Amino acid sequence: MFDEAQLSVSAYDTAWMAMVPTPTSSIQDSPFFPQCARWILDNQRSDGSWGLPRRDPSLTKDALSSTLACILALQRWGLGEQQVTKGLRFLDCNSASLTDQKQHVPIGFDIIFPGMIDCAKDLRLNLPFKSTDVDAMLTKRNVELTSGFSRNAEGRRAYLAYVSEGIQHTQDWDMVMKYQRQNGSLFNSPSTTAVAFSHLRDPDCLRYLSAILDKFENAAPTIHPLDIRSRLSVIDTLESLGVARHFTNEIKMLLDQTYQCWLQGDEEIFLNTTTCSMAFRLLRVYGYDVSSDRLSPFSEDCFFNSLEGYLKDKTAVLELHKASQIIYPEEPILEELNSWTMNFLKQEFCNDSIYRDQIDESISTKVQDALTFPYHVDLDRLCHMRSIHHYSDIDYTWTLKTSYRCPNIGNKDLLKLAAEDFNFCQSIQQKELKLLGRWIIENKLDKLSFARQKLGYCYFSAAATIYAPELSDARISWTKNGVLTTVVDDFFDVAGSMEELINLVQLLEKGEVDDASIDFCSEEVEILFTAIRGTIREVGDMALAWQGRDVSSHINDIWVETVKSMLKEAEWSKNKWVPTMDEYLQNAGMSFALLPIVLPSVYLVGPKLSEEMVSSAEYKNLYEAMNTCGRLLNDWRGVQRESEQGTVNAVSVLMHEGGRTLDDAMEEVKRLIERETKQLLKLVLLEKENGIPNCCKQLFWNMTKACHLFYMNNDGYTNEEMVGVAKSILDEPIHLSP
Numbered sequence: 001m002f003d004e005a006q007l008s009v010s011a012y013d014t015a016w017m018a019m020v021p022t023p024t025s026s027i028q029d030s031p032f033f034p035q036c037a038r039w040i041l042d043n044q045r046s047d048g049s050w051g052l053p054r055r056d057p058s059l060t061k062d063a064l065s066s067t068l069a070c071i072l073a074l075q076r077w078g079l080g081e082q083q084v085t086k087g088l089r090f091l092d093c094n095s096a097s098l099t100d101q102k103q104h105v106p107i108g109f110d111i112i113f114p115g116m117i118d119c120a121k122d123l124r125l126n127l128p129f130k131s132t133d134v135d136a137m138l139t140k141r142n143v144e145l146t147s148g149f150s151r152n153a154e155g156r157r158a159y160l161a162y163v164s165e166g167i168q169h170t171q172d173w174d175m176v177m178k179y180q181r182q183n184g185s186l187f188n189s190p191s192t193t194a195v196a197f198s199h200l201r202d203p204d205c206l207r208y209l210s211a212i213l214d215k216f217e218n219a220a221p222t223i224h225p226l227d228i229r230s231r232l233s234v235i236d237t238l239e240s241l242g243v244a245r246h247f248t249n250e251i252k253m254l255l256d257q258t259y260q261c262w263l264q265g266d267e268e269i270f271l272n273t274t275t276c277s278m279a280f281r282l283l284r285v286y287g288y289d290v291s292s293d294r295l296s297p298f299s300e301d302c303f304f305n306s307l308e309g310y311l312k313d314k315t316a317v318l319e320l321h322k323a324s325q326i327i328y329p330e331e332p333i334l335e336e337l338n339s340w341t342m343n344f345l346k347q348e349f350c351n352d353s354i355y356r357d358q359i360d361e362s363i364s365t366k367v368q369d370a371l372t373f374p375y376h377v378d379l380d381r382l383c384h385m386r387s388i389h390h391y392s393d394i395d396y397t398w399t400l401k402t403s404y405r406c407p408n409i410g411n412k413d414l415l416k417l418a419a420e421d422f423n424f425c426q427s428i429q430q431k432e433l434k435l436l437g438r439w440i441i442e443n444k445l446d447k448l449s450f451a452r453q454k455l456g457y458c459y460f461s462a463a464a465t466i467y468a469p470e471l472s473d474a475r476i477s478w479t480k481n482g483v484l485t486t487v488v489d490d491f492f493d494v495a496g497s498m499e500e501l502i503n504l505v506q507l508l509e510k511g512e513v514d515d516a517s518i519d520f521c522s523e524e525v526e527i528l529f530t531a532i533r534g535t536i537r538e539v540g541d542m543a544l545a546w547q548g549r550d551v552s553s554h555i556n557d558i559w560v561e562t563v564k565s566m567l568k569e570a571e572w573s574k575n576k577w578v579p580t581m582d583e584y585l586q587n588a589g590m591s592f593a594l595l596p597i598v599l600p601s602v603y604l605v606g607p608k609l610s611e612e613m614v615s616s617a618e619y620k621n622l623y624e625a626m627n628t629c630g631r632l633l634n635d636w637r638g639v640q641r642e643s644e645q646g647t648v649n650a651v652s653v654l655m656h657e658g659g660r661t662l663d664d665a666m667e668e669v670k671r672l673i674e675r676e677t678k679q680l681l682k683l684v685l686l687e688k689e690n691g692i693p694n695c696c697k698q699l700f701w702n703m704t705k706a707c708h709l710f711y712m713n714n715d716g717y718t719n720e721e722m723v724g725v726a727k728s729i730l731d732e733p734i735h736l737s738p
């Protein structure tokens, strides 16, 4: 998978290379690339066609185009009478597909196919098509060649250059050669380059075509090179299927190579929208320092004045949109990119009445996923589950002027690995969840009638992000502390008296004390304190094994700071005190109680963290950004519930402080959420020398993504709307079709 692109060869492009004549004085009577003509003779399908084997029924127009091109090549040199006859029979049997609106249309078909019909007339070749169909195609071709100059002028010129084989004698070859690349090709297209070489004898075109034949053994792919995009697609597939952790060395090697190409301004990256977008996204996600300035050529106006924009390339726009989601603060290029790509994708794919063939349907599914689950919302295991199901339904055929496949990407063994890995992890998680259920009962947490019982949600947020089997300790710590913070939050919000709240705070402040000296003012306080203290001890023991030092006091301090901030909020509510926004955020981020969940788990994912690291400014910035995001998301979606409870909320604080309307206050909170999310993403992704290890920083991002998911539409943590999602991850194994 990690080698250079394993591209299928293209009968269509090979045929155009076979049609290149050898200049002999003034007579052109033999092929310049006779090996291509021999390949055509040797590679006809049993049904008389040329093209990909096992093609989808929606690709019959593609087969007609490839077959006619091969027939023309053989007829041109007086070769293969039998093959020509069989090919014509295939054209005759499938000619109805020419007018079938449900057929997938290759790029340039409406210009190139009628152009080949003209070539057939010049070769005195009788084609088995109805004259009415031929006239309709020729008319449509003439309309397409003479219309559309007023808009997207540069994109249209690039398109007409790309489909030169359908224009030939009336083509403006000076215009075409403006698109020649450093490798000698035109658009990395063998067919376009071959036609240009036939007319111009350009030595760089010849250099490109000769290199292709050396590499692909007497035939040509429909696009070359595709190595960088192929390798990026492999990495992206490994990520989306959830098995990238098994290939860390290979991924690093490929991304190091890609980064060097990025720094050098390699044409293979920067002259292709899809490749450039994927490179930016994957390099940034893996911690490489890449500037969004390199995406400035893909503004809306610039994109739609390019070949891909003229063709409304949905895959390119999708990749641009995904790249725009890896955004840091103050990146207007990505903000603008996100806006126009989102609008375009919604417009293109939200009309269910539009017919979609299998190829368009697979793109539509990916678009729907990207719009529904943007990067900051999509929990890893949810993405993996969807991707495995999508991957099994796609045959990974792409279409340019003809269809092609890349076996590096469409790998069924990889699909099997992903499904088995998912199910294996799930089986371990099911056992852990049962143990956690018993822990709830043993600690009498189920007896607290005032508390939301959120074991499933808490474990789901752990299992969906910290899913590797060896990270069981981190999942257990995350879940137990998540359950406890939920119960304690409910106790402070609705159930506990001020005496009980102060009692719990004071007990935790004392740390480790003799049980006989503990004075509980209620059974509820006893249950809560006992469960918290037991969890601190247990997580401390686990962390000792990972870290080689005792961090129990740090975990206890985190809990103390959390309950003290909750007590302050309770006092605000009791006294009907409305703080300033700065006062509120300083306290409310801590009271939202994400730190007791995340910070102990950071000790349990592998790297050793020194006291200097966990007291560093970087560490503080990470958890403050996470706290602010989580708190504001809760306030944004829970404003009605919390106002009914009389709880202070960021929205109500803004309305009180600045005299804002409810809508204005909500909009301001939303803006703050976006700002903090971008800031946290930058802190997580950018590598710092001797800084917090990435796998530790990732936990802060995991929690923020979980908060975004829970509060995507409303207060999904308090409501039950996420139950089905959690169940799919924890209870439903993946079964692949035979």
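Letter by letter, the sequence shown follows residues 1 to 738 of the UniProt record's numbering.
For each residue, glycine too, the CB sits at the ideal point set by N, CA and C.
Please read these numbers as outputs of a predicted model, since none were measured by experiment.
For residue 739, count neighbouring Cβ atoms within 10 angstroms of its own Cβ and tell me buried if that reaches 16, exposed if not. Beyond the ends of the chain as shown, which are 1 and 738, falls residue 739; an answer cannot be given.
Note down, in chain order, each residue of its chain lying with its Cβ closer than 8 Å to the Cβ of A244, except the 5 sequence neighbours on either side. Correct list, in chain order: I235, L238 and I251.
Got a sec: does the ligand PLP put a non-hydrogen atom nearer than 7 Å to the Cβ of D380? Ligands in the displayed structure: none, and consequently the ligand PLP is not present.
Check: Does the beta-carbon distance from L318 to I327 come in below 8 Å?
Finding: no
Under the DSSP definition of a beta bridge, which residues are partnered with P579?
Note: P579 sits in no beta bridge, so no partner.
How would you label R549, buried or exposed, when you count the other beta carbons within 10 angstroms and need 16 or more for buried?
exposed
Query raised in the report: Among residues of its own chain, excluding the 5 on either side of S292, which ones have a beta-carbon nearer than 7 Å to its beta-carbon?
Result: The residues are E331, I333 and L334.
Short of 8 Å in beta carbon distance, which residues of its chain neighbour D663, apart from the five on each side in sequence? Order them along the chain. So the list is empty, once near-sequence residues are dropped.
Which of the three DSSP states is assigned to S10 in this structure? strand
Beta-carbon proximity list for A323, same chain, < 7 Å, skipping 5 on both sides = S277, F280, R281 and L295
Within a Cβ cutoff of 7 Å, which residues of the same chain sit near T274, ignoring the five residues on either side of it in sequence?
Taken in chain order, the residues that qualify are R229, T315, A316 and E319.
| message | Within a Cβ cutoff of 7 Å, which residues of the same chain sit near P693, ignoring the five residues on either side of it in sequence? | response | P607
Flag this pair as touching only if the stretch 455-471 and the stretch 699-710 have three or more C-beta atom pairs under 8 Å; answer yes or no.
-> Yes, since at least three Cβ pairs between the stretch 455-471 and the stretch 699-710 fall closer than 8 Å, the two stretches touch.
With a threshold of 7 Å on Cβ separation, who are the neighbours of K574 within its own chain once the five nearest residues in sequence on each side are excluded?
M498
Using 10 angstroms around the beta-carbon of V487, count the other beta-carbons present and answer buried if the total reaches 16, otherwise exposed.
buried
| Where A96 falls, given that 16 or more other Cβ within 10 Å makes a residue buried | exposed
7 Å CB neighbourhood of G691 in its chain, flanking five on each side removed
Once the five neighbours on either side are set aside, the close Cβ partners of G691 are E618.
- Task: From the DSSP output, read off the bridge partner residues of P21.
- Result: P31
ask   = Buried or exposed: which applies to T372, given that a residue is buried once 16 or more other Cβ atoms fall within 10 Å of its Cβ?
value = exposed
Pick helix, strand or coil for T315, following the three-state DSSP scheme. The answer is helix: DSSP assigns T315 an H, G or I state.
Next item on the list: Alpha carbon to alpha carbon, how far is K416 from L632? Give it in angstroms, no decimals.
Entry: 41 Å
Q) From what residue to what residue does the alpha helix (DSSP H) around S403 run? A) Segment S403 to R405 is the beta strand (DSSP E) holding S403; no alpha helix (DSSP H) there.
| said: Checking 8 Å against the spacing of the C-beta atoms, do T192 and S164 come in under that value? | reply: Yes; because the gap between Cβ atoms is below 8 Å, this pair is in contact.
query: Can you round the beta-carbon distance between A474 and S601 to whole angstroms, since I take them to be within the 8 Å contact cut?
result: 5 Å
- Is the CB-CB distance between K397 and D56 below 8 Å? Correcting the residue identity first, residue 397 is Thr in this sequence and not Lys. Yes, they are a contact pair.
Exercise. Less than 8 Å separating the beta-carbons of L91 and L127?
Worked result: yes
**Request:** List the endpoints of the continuous alpha helix (DSSP H) containing T132.
**Result:** S131 to T146
Query raised in the report: Do you know whose CA, among R537, A495 and K564, lies nearest residue 786's CA?
Result: This structure cannot settle anything about residue 786, because the visible part of the chain is limited to 1 through 738.
_Nonlocal neighbours in the same chain, by C-beta distance under 7 Å from N183, ignoring five residues either side_ = Y208
Distance between beta carbons of F216 and V9, contact taken as under 8 Å:
6 Å
- Message: Would A153 and L307 qualify as a contact pair, given that the criterion is a beta-carbon distance under 8 Å?
- Response: no
Determine the extent of the alpha helix (DSSP H) in which T248 is found, giving its start and end residues.
T248 to L263
Under a three-way DSSP split, which group does T85 fall into?
-> helix
**Asked** What are the boundary residues of the alpha helix (DSSP H) that includes T661?
**Response** In the DSSP annotation of this structure, T661 is not part of any alpha helix (DSSP H), being labelled neither H nor E.
### Query
At a Cβ threshold of 8 Å, is K86 touching chain D?
The chain labelled as chain D is not found in the depicted structure, where only one protein chain is given.
- Item | Supposed contact pair W478 and I597 - C-beta distance, whole angstroms, cut 8 Å | Contact between I597 and W478 holds: their C-beta atoms lie close to 6 Å from each other, under 8 Å.
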